[in-house]
Every structure is written in C-alpha cells, then in structure tokens.
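Engineer:
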Amino acid sequence: ETEKSDYKTKIKQLLVEKNAVLVAHYYTDPEIQALAEETGGCVADSLEMARFGKTHPATTIVVAGVRFMGETSKILTPEKTVVMPTLAATCSLDVGCPIDEFSAFCDKHPERKVVVYANTSTAVKARADWIVTSSCALEIVEHLDEQGEKIIWGPDKHLGSYIQKNTGADMIMWDGACIVHDEFKTKALKDMKALYPEAAVLVHPESPAEIVELADAVGSTSQLIKAAQTMNNKMFIVATDRGIFYKMQQLCPDKEFFAAPTAGEGATCKSCANCPWMAMNGLKAIEEALIDPADKEVFVDMTLREGALKSLNRMLDFSA
Ligand code: CIZ
Ligand code: SF4
23 ETEKSDYKTK IKQLLVEKNA VLVAHYYTDP EIQALAEETG GCVADSLEMA
73 RFGKTHPATT IVVAGVRFMG ETSKILTPEK TVVMPTLAAT CSLDVGCPID
123 EFSAFCDKHP ERKVVVYANT STAVKARADW IVTSSCALEI VEHLDEQGEK
173 IIWGPDKHLG SYIQKNTGAD MIMWDGACIV HDEFKTKALK DMKALYPEAA
223 VLVHPESPAE IVELADAVGS TSQLIKAAQT MNNKMFIVAT DRGIFYKMQQ
273 LCPDKEFFAA PTAGEGATCK SCANCPWMAM NGLKAIEEAL IDPADKEVFV
323 DMTLREGALK SLNRMLDFSA
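Mind the numbering: the sequence shown is residues 23 to 342 in the UniProt record's numbering, read in order.
1. Please return the same chain residues whose Cβ sits closer than 6 angstroms to the Cβ of Ile308, not counting the five positions on each side in sequence.
2. Anyone know if the C-beta pair for Ile54 and Ala86 falls short of 8 angstroms?
3. Report the residue from Met253, Val88, Pro52 and Lys102 whose alpha carbon sits nearest the alpha carbon of Lys40.
4. Is Leu305 near Lys76, with beta carbons less than 8 angstroms apart?
5. What's the C-alpha gap between Pro294 and Phe280?
6. What does the alpha-carbon distance come out to for the pair Ala140 and Ser68?
7. Just to confirm, are Ala237 and Leu217 a CB contact at a threshold of 8 angstroms?
8. Ignore the nearest five residues each way along the sequence and tell me which others in Leu109's own chain have a CB closer than 8 angstroms to its CB.
9. Whole-angstrom Cβ separation of Lys138 and Lys147, contact assumed at under 8 angstroms?
10. Using three-state DSSP, classify Gly241 as helix, strand or coil.
11. Within the same chain, show all residues whose beta-carbon is closer than 8 angstroms to that of Asp28, passing over the 5 residues directly before and after it, in chain order.
12. For Lys30, report the span of its alpha helix (DSSP H) as first-last.
13. Using alpha carbons as the reference points, say which of Pro52, Thr50, Ala56 and Val104 lies closest to Glu72.
14. What do you get for Pro275, buried or exposed, if any count of 16 or more other CB atoms within 10 angstroms of its CB means buried?
15. Which partner residues of residue 7 appear in the DSSP bridge assignment?
16. Taking the alpha carbon of residue 16 as the point to measure from, which residue in Ser157, Cys119, Ile83 and Gly62 has its own alpha carbon closest?
17. Could you give the DSSP three-state label for Ala282: helix, strand or coil?
18. Exposed or buried, what is Glu235 when buried is set at 16 or more other beta-carbons lying within 10 Å of its beta-carbon?
19. Relative to the alpha-carbon of Asn254, which residue among Ala221, Phe267 and Ala231 has its alpha-carbon at the smallest distance?
20. From the DSSP output, which residues share a beta bridge with Val85?
21. Locate the alpha helix (DSSP H) running through Ile266, then write down its first and last residues.
22. Using three-state DSSP, classify Leu98 as helix, strand or coil.
23. The alpha helix (DSSP H) with Tyr184 in it runs from where to where?
24. Exposed or buried, what is Val38 when buried is set at 16 or more other beta-carbons lying within 10 Å of its beta-carbon?
25. Could you tell me whether the Cβ of Ala249 comes closer than 8 angstroms to any Cβ of chain D?
26. I need the DSSP call for Ser293, collapsed to helix, strand or coil.
27. Report yes if the C-beta of Leu160 is less than 7 angstroms from at least one heavy atom of the ligand CIZ; otherwise report no.
28. Between Ala311, Asp314, Ser333 and Ala301, which has its C-alpha nearest Thr50's C-alpha?
29. With a threshold of 16 other CB atoms inside 10 Å of the CB of residue 343, please say whether the residue is buried or exposed.
30. Under a three-way DSSP split, which group does Ala301 fall into?
31. Relative to the alpha-carbon of Ala231, which residue among Ala250, Ser244 and Ala199 has its alpha-carbon at the smallest distance?
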C-alpha cells in the first residue's frame, strides 16, 4: 500500500510537471486542504475557488470539490484543462434540480427573475438570470428586490427561506436541500448549547430554519471562518461540514470547535456533518487525475456555457 507521504510527493512532482494547480474546497479532507496550501494552490469556498482558477497562470486546474465546482471552473476558463479527482462527486442540490423540471417550473412564471445557487449543473445555470453563492446571495437578492423584481429561487429551500426572511423579497422556491446540513437536529443542538453555554453557535444557512434560529452567527463557509476569528468565544459549535475545522483550527489555534449534532440526544456524531461527495477527493484520486486525466476531465456543452457564463459573470461583477 502506498504511503500518504508517497502520494503527496508524487502529486507535488506531477503538479509541477503538468503546470497544474490544486484548488480545494473547505469541506474536503484536511490532508487535501493542507496539500493545496503547500503547493501554492488554494483552499476556499466555491466563489473564491472559481476566481482563483481563473486568474492563476497554471494551464491545468485540479478541482478538489464536487462536480458543479469543476464545471464552474471550466465555464470560466474553457481554454484550461480542468480535472477532478472523480467526476462522480455530485451534490444533492444539483441532483435534486434536473434541468427539464426546473426549466418547466421557470416557464410557469415568466415574469420572475431566476436566481440559482452555484450548486447546480451548467444547464440550470444557463437557464438562470443570476447565480449566487451563500457568500453573496443576500446582497444580490436584496438588490433585485430593491429593483422591484420577483424571484424564482433554486434549489436550496433552507437557504432560500433564510434569504426571504432577511430581505422580504417575493420568492418562490424549488424544493431542494443539502443532505449534510438538512441533518442537523434542533433538540440535540439545544441540549449541546445547554451543556456548553459559553460556546458560540455558527450556522450555514443551508441548515433548517430551526437550526438557524439557534445561531450566534449565520453565514457562508468563508463568513463562518471569519466569525470564528473575530468572536471572543473560545468554544464553537459549528453547523456545517466538519471539513471546515481545518481552516478554523489553523486560524484559531487556541479555540475549540465541535460539530453540531446530527443525531440523538446531544450526541456529537463523528461520521456525520461530512459530505460523502466531498469525501471522494482522496490523495490517490488526485494522483490519478494528474497522471491520466482521460476520464476525469471536465467538459461543458459550449452552447450552455455561454448562457451560464453570462449569469456567472453577473455574480462575479456584482461581488467584485
Ligand atoms: O455546501 C456547499 O457546497 C457550499 C457551502 C459551497 C460553497 O459555496 O462553498
Ligand atoms: Fe452539496 Fe451539501 Fe455536499 Fe455541499 S455539503 S456539496 S451542498 S451535498
């Protein structure tokens, strides 16, 4: 069996040989995030991952994350080779929002602006007027609402409800959810808060409303990392994928982080709060993608790309 350090050494060599850069999401395994940092790549949320790949001089981008992140990268930089450790790494939001059904839903409300979360296929992005990530969704919906626009929101119903509550915008929702965030449990979180009254609760708005209500800070991954740094608490209960602890712990070595409970009476569940698709990004798979990208290269339909690029650029320009 190849040792982890052997894989890392090989991957480092291959990245140089192939003029490639490794871009990893906050939800990937800590060793993948560390490797991205050690090799001059980046660890980021989906918005920053997209920006980084676009501006970095490498000709190959290795996207350690889930499929929509690789597609976004390819949409923005079609001239580059975009590979992923596995193309099978999908997302329940993407799976739960097939283009035909979503498009039919939009067709029923032609007077509404279509705003979709980045966690969607290229085809859904092409059908949208706007794309948002959780870092900029509030501001963009606020902006549209101020202009008197009514909105179709997809696919995450929890994030949509959170935004609707905070902006008062007129939104109708697609019924999608993230299988990771949807699992956080209200009663167990209340019990945990009672057990650690000094802990601050950080919540990603893909979580159900009752979980968001218990939060001391609500935000995207990058916003939650910032909250961990700026809040005075020494202890945090975090309702998002536990992969985020790598960056939180790195930036706040004197603070403690616990995953919000996903099961049982105040239980801290070790195997939960971890996206199964993000977990597919292992060292071996990264090495394979660099050696033989044949079945790991991301392609997008070039007609769909044009439509998706328009709505993606709207987001990038807005949040520049
Ligand atoms: O849950 C996800 O997949 C997130 C938070 C993506 C992102 O925007 O970084
Ligand atoms: Fe999709 Fe949830 Fe996994 Fe993010 S954590 S990729 S939203 S299933």
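Where a beta carbon is used, it is the ideal one built from N, C-alpha and C, also for glycine.
Structural biologist: Based on what the coordinates show:
1. Cβ neighbours of Ile308 beyond the five flanking positions: Ile33 and Pro107.
2. Taking a C-beta distance under 8 angstroms as the contact criterion, Ile54 and Ala86 qualify as a contact pair.
3. Distances from the CA of Lys40 to each of Met253, Val88, Pro52 and Lys102 were compared; the closest alpha carbon is that of Lys102.
4. Against a cut-off of 8 angstroms, the Cβ pair of Lys76 and Leu305 comes out as no contact.
5. Reading off the sequence shown, one finds Cys at residue 294, where the question assumed Pro. Looking at the backbone, the Cα of Cys294 and that of Phe280 are separated by about 12 angstroms.
6. Ala140 and Ser68: Cα-Cα distance of roughly 8 angstroms.
7. With contacts defined as CB atoms closer than 8 angstroms, Ala237 and Leu217 fail to qualify as a contacting pair.
8. Within its own chain, the residues whose Cβ lies closer than 8 angstroms to the Cβ of Leu109, once the five positions on either side in sequence are excluded, are Arg89, Gly92, Asp317, Lys318 and Val320, listed in chain order.
9. A small fix is needed here, since residue 138 is Val in this sequence, not Lys. So it is a contact: roughly 6 angstroms between Cβ atoms.
10. It is coil, neither helix nor strand.
11. Cβ within range, chain order: n/a, list empty.
12. Per DSSP, Lys30 belongs to the alpha helix (DSSP H) from Lys26 to Glu39.
13. Inspection of the sequence shows that residue 72 is occupied by Ala rather than by Glu. Selected option, being the one with the closest Cα: Val104.
14. Pro275 is exposed by the Cβ-count criterion.
15. Any answer about residue 7 is impossible in this case: the structure gives the chain only from 23 up to 342.
16. A query on residue 16 cannot be resolved here, the shown segment of the chain reaching from 23 to 342 and no further.
17. For Ala282, the three-state secondary structure derived from DSSP is coil.
18. Under this definition Glu235 is an exposed residue.
19. Of Ala221, Phe267 and Ala231, the residue nearest in Cα terms is Ala221.
20. Residue pairing by DSSP puts Val85 in a beta bridge opposite Val45.
21. It is not in any alpha helix (DSSP H) - Ile266 carries neither H nor E in the DSSP assignment.
22. Three-state result, Leu98: helix.
23. Its alpha helix (DSSP H) spans residues Lys179 to Thr189.
24. Its Cβ having fewer than 16 others within 10 Å, Val38 is exposed.
25. Absent from the structure is chain D; it holds one protein chain and no more.
26. Residue placement at Ser293 is flagged as unreliable, the pLDDT there being 48, under the threshold of 50; a coordinate-derived value is accordingly withheld.
27. Result no, Cβ not under 7 angstroms from the ligand CIZ.
28. Among Ala311, Asp314, Ser333 and Ala301, the Cα nearest to that of Thr50 belongs to Ala301.
29. Any property of residue 343 remains undetermined from this structure, which presents the chain solely from 23 to 342.
30. Of the three classes helix, strand and coil, the one that applies to Ala301 here is helix, per DSSP.
31. Per the Cα distances, Ala199.
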